[in-house]
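Encoded as structure tokens, the structure appears first; notes follow it.
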Amino acid sequence: MARLTKKQKEAVAKIEKGRIYSVDEASALIKEVTNTKFDASVDLAVRLGVDPRKANQMVRGVVTLPHGTGKDVKVLALVTPDKEAEAKEAGADYVGLDEYLDKIKGGWTNVDVIVTMPSVMGKLGPLGRILGPRGLMPNPKTGTVTMDIGKAVSDVKAGKIDFKVDKTGIVHASIGKASFSADKIADNANELLQTLMKLKPTAAKGIYVRSIYMSSTMSPSLAVDPKIG
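Just remember that our numbering sits 67 ahead of the position in the sequence shown, which is counted from 1.
Written as structure tokens, this is what we have:
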């Protein structure tokens, strides 16, 4: 087992063993226990009482964080020429079609989100083996396959994220940066949690939100009260 550094020991000491924190308390404390030299990401891990193997218990959705993610999200807009100006004006980092499809075929995936049009999806099908595992395949359910390219790009740049329960029943999501104020971290956390509550599958029985943990890059995790109002 790796030894803890002095700073890591100090961080752990600030966390009360066995205590479950409120969102506001955790959002303030996470700033105190983060000791990286870079601006660390703040993440939530929410364990849900669902069986993701069953289609009627799959939890997937999108949320626009009120204060954004703090990340510079790189967006590729795969569009026809008549939509290129709209995509560029909205802030897309890369805009085009065939040349980028060829780059992706060659293994290029240096983007965070891909936005496209319904008419282009047919061309993306063969690239599923490349884009799928990286979470880059556009999906109408997340608003990344649409004719309103400008809005889709703007939403992503403003802090819209998509999330999906993994095979162990946990939703992982980045909700900001350690440099954010505690209030902003709490606002973003509450927005994600309230969105998750609205997506509770009718087929899910028993307790829906089993546990919530907040952490930042390389920090200890904080148990957060799973009772969401």
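Note that CB positions come from ideal geometry on N, CA and C, so glycine has one too.
Query	Result
Runs of beta strand (DSSP E) lying entirely within the region 239-280, each at least 3 residues, in chain order	none
Best match in LYS141, GLY174, LYS81, ALA112 for proximity to VAL162 [C-alpha to C-alpha]	LYS141
Among ASN102, ARG120, SER94, ALA152, nearest to LYS218 - alpha-carbon criterion	ALA152
Check whether ILE228 and LEU132 have beta carbons under 8 Å apart	yes
Start and end residues, alpha helix (DSSP H) containing ALA67	Lying before the first or after the last residue shown, residue 67 is absent from the chain, which here runs from 68 to 296.
Where LYS261 falls, given that 16 or more other Cβ within 10 Å makes a residue buried	Note on identity: in this sequence residue 261 is Gln, with Lys being the wrong assignment. The residue in question, GLN261, is exposed, as its Cβ has fewer than 16 Cβ neighbours within 10 Å.
Inter-residue Cα distance where the pair is GLY116 and ALA93	23 Å
Alpha-carbon spacing of PRO148 relative to GLN75, whole angstroms	52 Å
DSSP three-state assignment for LYS231, whether helix, strand or coil	strand
Proximity test, ALA144 beta-carbon vs the ligand SAM heavy atom, cut-off 7 Å	The ligand content of the structure shown is nil, which means the ligand SAM is not present either.
Spatial distance of LYS172 from LEU164 (CA atoms)	12 Å
Span of the alpha helix (DSSP H), counted from its first residue to its last, around ARG127	Segment 127-131 is the beta strand (DSSP E) holding ARG127; no alpha helix (DSSP H) there.
C-alpha gap between GLU99 and ILE87, whole angstroms	17 Å
Inter-stretch contact (C-beta, 8 Å, three-pair minimum) for the region 201-217 and the region 174-192	yes
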